[in-house]
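Structure first, then comments.
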Amino acid sequence: MLAFIVRRIITTIPVMAFVALFVFSLLYIAPGDPAAVIAGDQASPADVEKIRASLGLDRPYLVRFAEWGFRVLQGDLGTSIFTSLPVTQLIAQRIEPTLSLMVLTLIFAVTIAVPMGVIAAWKAGSWIDRGAMAFAVFGFSVPVFVVGYLLAYVFALQLDWVPVQGYTPLSAGLWPWFRNLILPAITLGLVYIALIARITRATMLEVLQQDYVRTAQAKGVGQREVLFIHALKNAAVPIVTIIGIGIALLIGGAVVTESVFAIPGLGRLTVDAILRRDYPVIQGVVLMFSLVYVLVNLIIDLTYTLVDPRIRY
């Protein structure tokens, strides 16, 4: 087991090195001269050259990458071109809203999706199953921003139950924090619920056909215990996998959701940085999101050793 964990940790190193190389190259993949874009149409050639020098564009590519990578390893993600603030400080200022939204969405989605998938598999072919799968198709089909605007119009503008936009820090109280995030969490969680519910149903259908499930039922074990202890435990590996993969949906969806509900999180920071061509901020945020995604998948891989005792090497 220890060897398996060590191997999985080691394999993340080249992955993160490739991600770092790609993130650094964003500055040069973008069309046009980054210095000219930042300087604006009215800038003189001398101004453009000054910006090129400040960005290090006048030095060899590999030298710049090595210097940037060394600073990143020290926790220095650079300085914003427009605010002149360290990128790490900007991320620290915006991380609470995004983290709160993602955690609340994850709890909301898993709490609803897993029981929905289990019950749909148990009642396969019934109206309950068809209704759950129709909801899943709806969740996949409707864009996040459409759901967001619809929920905001109904529950915020018409019924005035929750705020239409903004974010209240958790330090201001649990209820104000929750009221600001409930609509964004539902909006972001709809696709996630659909994904987890479909995978849970498909996996449970396969597990419920196994002999040990029929044996437990023949012994008089209660239906709830059969479903949520015997069957769900053995169907957990694909479900845990899809929950980990779905983190990418949360990261990508947070950008749209935060824009719809005017949440001052990392998604809004990314959008603003892209619009202003603030490349150090873009690089820093993308690198952080990539690191989170790699670490989540590493945790999921390590969780296999707990969920499935057959994985020991």
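The UniProt record's numbering applies: residue 1 is where the sequence shown begins, and numbers increase by one. Glycine included, every Cβ here is placed at the ideal spot set by N, Cα and C. Just so it is clear, the structure is predicted and the values come from calculations on it, not from any experiment.
Based on the DSSP output, what are the partners of PRO86 in its beta bridges?
THR79
Cβ neighbours of PRO163 in the same chain (closer than 8 angstroms, five flanking residues each side left out):
ALA156, ARG179 and ASN180
Counting only the same chain and skipping the five closest in sequence on each side, list residues whose C-beta sits under 8 angstroms from that of GLY267.
THR98, ALA254, VAL255, VAL256, THR257, GLU258 and SER259
Compare the Cα-Cα distances from VAL114 to each of ILE193, ASP129 and VAL237 and report the closest residue.
ILE193
Return the Cβ separation of ALA185 and PHE108 in integer angstroms, given the expectation that the two are a contact with Cβ distance under 8 angstroms.
5 angstroms
C-alpha distance - LEU151 paired with THR187, whole-angstrom precision:
8 angstroms
Within the segment 181-257, ranges of the alpha helix (DSSP H) (whole runs, at least 4 residues):
211-218 and 236-245
Taking Cβ positions, are ALA121 and MET133 nearer each other than 8 angstroms?
no
According to DSSP, is LEU57 part of a helix, a strand, or is it coil?
coil
Quick check: what's the CA-CA separation for THR241 versus GLN42?
52 angstroms
Exposed or buried, which one is TYR279 when buried takes at least 16 other CB atoms within 10 Å?
buried
Which class does VAL162 belong to by DSSP, given the choice of helix, strand or coil?
coil
Please state whether the Cβ-Cβ distance between THR270 and ILE239 is less than 8 angstroms.
no
For the segment 127-147 and the segment 60-69, state whether three or more C-beta atom pairs, one from each stretch, are separated by less than 8 angstroms.
no
My assumption, with CB atoms under 8 angstroms, is that TYR283 sits in contact with VAL110. Please give the rounded CB distance.
Note that residue 283 corresponds to Gln in the displayed sequence, not to Tyr. Between VAL110 and GLN283 the Cβ distance is about 32 angstroms, and since that is not below 8 angstroms, they are no contact.
To which residues of the same chain is LEU183 closer than 7 angstroms at the C-beta, ignoring the five residues directly before and after it?
LEU151, ALA152, PHE155, ALA156, VAL162 and PHE261
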